[in-house]
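Using numbering that gives the first Met the number 0, the final residue of the sequence shown is 488, and nothing's skipped along the way. Using N, Cα and C, we set each Cβ at its ideal position, and we do this for glycine too.
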Amino acid sequence: MYFSTDPLPKRASSLPLYKTLLCFACVAILLVNGIFLLRNLDGLKAANSLQDQTTEVTNELQHLNLLVTDAESNLRGYFLSGSPSYLGTVQGAPARIDQQLRKLSTLLADNPSQQKNLAQLRAVVEHQMRMMNEALTIYRDGGLKEILTITGAPGEGDSDEIRLQVVIMLSEQNELLNARSASFYDQYRHAVILGLGINAAAIAVLLLFYQLVQRSFAARARAEHALQIANEQLESTVARRTEQLSVLSRHLIHVSEEEKSKLARELHDEMGANLTAIGMDLATVGEQLRGSRPELAAMLARARATLVDTVQLKRRIVEDLRPSLLDNLGLAAALQSYCEDYSRVTSLDCDVLVDGDVDSAGPMHAIALFRIVQESLNNIAKYAQARSVIVHLAREDDALALEVTDDGIGIAPDALTRSKSHGLLGMRERALLLGGKLDVDRGVNGVGTCVRARIPAPMTPAGPLALMPPSPAPALPAAGNEDLGKFAA
Numbered sequence: 000m001y002f003s004t005d006p007l008p009k010r011a012s013s014l015p016l017y018k019t020l021l022c023f024a025c026v027a028i029l030l031v032n033g034i035f036l037l038r039n040l041d042g043l044k045a046a047n048s049l050q051d052q053t054t055e056v057t058n059e060l061q062h063l064n065l066l067v068t069d070a071e072s073n074l075r076g077y078f079l080s081g082s083p084s085y086l087g088t089v090q091g092a093p094a095r096i097d098q099q100l101r102k103l104s105t106l107l108a109d110n111p112s113q114q115k116n117l118a119q120l121r122a123v124v125e126h127q128m129r130m131m132n133e134a135l136t137i138y139r140d141g142g143l144k145e146i147l148t149i150t151g152a153p154g155e156g157d158s159d160e161i162r163l164q165v166v167i168m169l170s171e172q173n174e175l176l177n178a179r180s181a182s183f184y185d186q187y188r189h190a191v192i193l194g195l196g197i198n199a200a201a202i203a204v205l206l207l208f209y210q211l212v213q214r215s216f217a218a219r220a221r222a223e224h225a226l227q228i229a230n231e232q233l234e235s236t237v238a239r240r241t242e243q244l245s246v247l248s249r250h251l252i253h254v255s256e257e258e259k260s261k262l263a264r265e266l267h268d269e270m271g272a273n274l275t276a277i278g279m280d281l282a283t284v285g286e287q288l289r290g291s292r293p294e295l296a297a298m299l300a301r302a303r304a305t306l307v308d309t310v311q312l313k314r315r316i317v318e319d320l321r322p323s324l325l326d327n328l329g330l331a332a333a334l335q336s337y338c339e340d341y342s343r344v345t346s347l348d349c350d351v352l353v354d355g356d357v358d359s360a361g362p363m364h365a366i367a368l369f370r371i372v373q374e375s376l377n378n379i380a381k382y383a384q385a386r387s388v389i390v391h392l393a394r395e396d397d398a399l400a401l402e403v404t405d406d407g408i409g410i411a412p413d414a415l416t417r418s419k420s421h422g423l424l425g426m427r428e429r430a431l432l433l434g435g436k437l438d439v440d441r442g443v444n445g446v447g448t449c450v451r452a453r454i455p456a457p458m459t460p461a462g463p464l465a466l467m468p469p470s471p472a473p474a475l476p477a478a479g480n481e482d483l484g485k486f487a488a
């Protein structure tokens with residue numbers, strides 16, 4: 000699989016121009032539609048207001064005409080009967096008529112033509128009121144005979160003119176209402192046509208926008224599908240590479256253990272035999288020079304002591320490379336022996352707890368757990384500043400569970416992810432290669448560090464087996480010195 004090194008395309012910082020224009024077009028159409036809607040509402044409001052005004056003007060004119068007619072009727076009744084009860088309406092009529100005229104003036108304040116008609120109506124009504132007052136004065140002075148001498152009824156011509164003026168004003172008000180209604184309906188018809196056009200344009204724009212969005216989603220779906228395929232291919236490649244690295248890692252660990260075992264065997268066999276031979280020669284020469292050359296015998300004794308230290312160093316190196324107890328007695332005994340030596344060298348309390356049959360694990364599992372314990376104890380000695388360590392190994396069904404806990408200063412939570420934490424990464428890799436896992440956490444109550452490893456390890460019927468067991472030490476000839484036993488490796 001090939002990977003492109005071309006730079007990735009820059010992500011668009013804004014919408015494409017055509018989408019932006021479509022959005023603005025939709026907004027403009029909605030604004031125009033809203034403006035025309037407001038205009039229609041204003042026209043409807045004005046038409047309703049004019050209709051209400053016409054109704055009110057009609058009522059007020061009819062009421063005014065009724066007041067004038069009522070005053071005339073009561074005046075005639077007073078003339079015919081002489082009863083003062085008719086005078087109340089006649090005497091109160093001017094005030095009520097003046098109030099009606101003021102109401103009409105207020106209602107028609109914005110109509111100059113009607114204001115002119117109202118002024119004429121006011122003049123006629125006031126003239127009739129004066130005529131009625133004069134007739135009433137004549138009646139009081141001369142009686143009914145004097146009234147009969149007046150030609151015609153008082154104010155009769157004015158009454159006809161009042162009714163005519165009221166009809167004119169009502170007719171003009173109705174004509175204004177009809178004209179306003181016709182104008183409104185004409186505007187309404189144009190608004191409906193324009194609204195239909197605007198809505199059609201809006202629907203067309205929305206359909207176009209939907210089509211563009213649909214295309215965009217389809218393109219995005221295709222891109223996501225292509226990305227998913229690329230991711231799957233990448234994951235497959237990563238999985239293959241990971242598997243190859245895992246195989247390589249297992250191979251390297253296996254080769255490393257083989258090389259350590261081979262080196263331990265050679266040190267044990269070849270170097271051990273050579274050191275034994277040197278020790279035997281030194282012992283023989285020392286016995287011969289003890290009487291004749293005591294100073295040389297003392298030098299040989301010091302050399303023999305150095306040789307003994309070298310043998311002990313060789314033994315420790317061999318045990319570190321490949322613990323013989325792990326191959327011969329099993330994992331539990333090897334851990335117990337190693338922790339005892341660790342406690343003696345570092346002066347730390349190191350306790351080993353073993354639960355269950357842990358020696359039934361295979362050699363790969365045994366060496367992996369031993370190396371994890373070995374690396375953990377080395378880290379504790381270097382960095383933890385601890386006083387005691389507990390190594391707990393237990394059999395849990397088809398797995399081995401290991402815990403190495405100390406009471407030191409603890410460890411950072413991200414220690415496993417640091418690039419320089421080679422020891423921890425190596426322990427984790429050993430666990431992962433066998434299908435297990437390894438975690439590093441704080442200890443009990445947040446004190447110290449706890450390394451937990453769990454490795455699947457089905458029980459095997461055979462006992463502990465060595466990957467490459469070291470050869471036994473060669474037989475040595477008997478020597479007459481008590482230190483020769485130290486050279487047997």
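Since residue i sits in a beta bridge, which residues does DSSP pair it with?
| i | result |
| --- | --- |
| C449 | T404 and D440 |
| A398 | E395 and P455 |
| L352 | H391 |
Just confirm the distance between the C-beta atoms of residue i and residue j, as a whole number of angstroms; I'd bet it's less than 8 Å.
| i | j | result |
| --- | --- | --- |
| C338 | V317 | About 18 Å; that fails the 8 Å criterion. |
| L100 | M168 | Rounded, the Cβ-Cβ distance is 12 Å, inconsistent with contact. |
| A393 | G422 | With a Cβ gap of about 23 Å, A393 and G422 do not count as contacting. |
| L135 | R95 | Incorrect: roughly 17 Å between the Cβ atoms, too far for contact. |
| A452 | G435 | 6 Å |
| L368 | L399 | 6 Å |
| T88 | D69 | 6 Å |
| I252 | R429 | 7 Å |
| L107 | Q114 | 6 Å |
| L401 | I371 | 6 Å |
| N39 | A190 | 5 Å |
According to DSSP, simplified to helix, strand and coil, what is residue i?
| i | result |
| --- | --- |
| V357 | coil |
| I454 | strand |
| L347 | coil |
| A380 | helix |
| A108 | coil |
| L328 | coil |
| T19 | helix |
| G33 | helix |
| I371 | helix |
| G435 | coil |
| S336 | helix |
| S82 | coil |
| I410 | coil |
| L464 | Because the pLDDT at L464 is just 42, under 50, the model does not fix this residue reliably, and the point stays unresolved. |
| A152 | Any reading at A152 must be qualified, since the residue scores a pLDDT of 48, below 50, and its modelled position is unreliable; no value is offered. |
Which stretch, first to last residue, makes up the alpha helix (DSSP H) that contains residue i?
| i | result |
| --- | --- |
| R394 | R394 -> not in any alpha helix (DSSP H); beta strand (DSSP E) instead, spanning S387 to E395. |
| Y138 | P111 to G141 |
| Q287 | G271 to S291 |
| R321 | Element bounds for R321: n/a, residue is neither H nor E. |
| L432 | H421 to L432 |
Contact criterion: CB-CB distance below 9 Å. Does residue i meet it with respect to chain D?
| i | result |
| --- | --- |
| G409 | The structure shown contains no chain D; it holds only a single protein chain. |
Quiz item: Taking only runs of the beta strand (DSSP E) that begin and end inside the stretch 173 to 223, which ones reach a length of at least 3 residues, in chain order?
Solution: none
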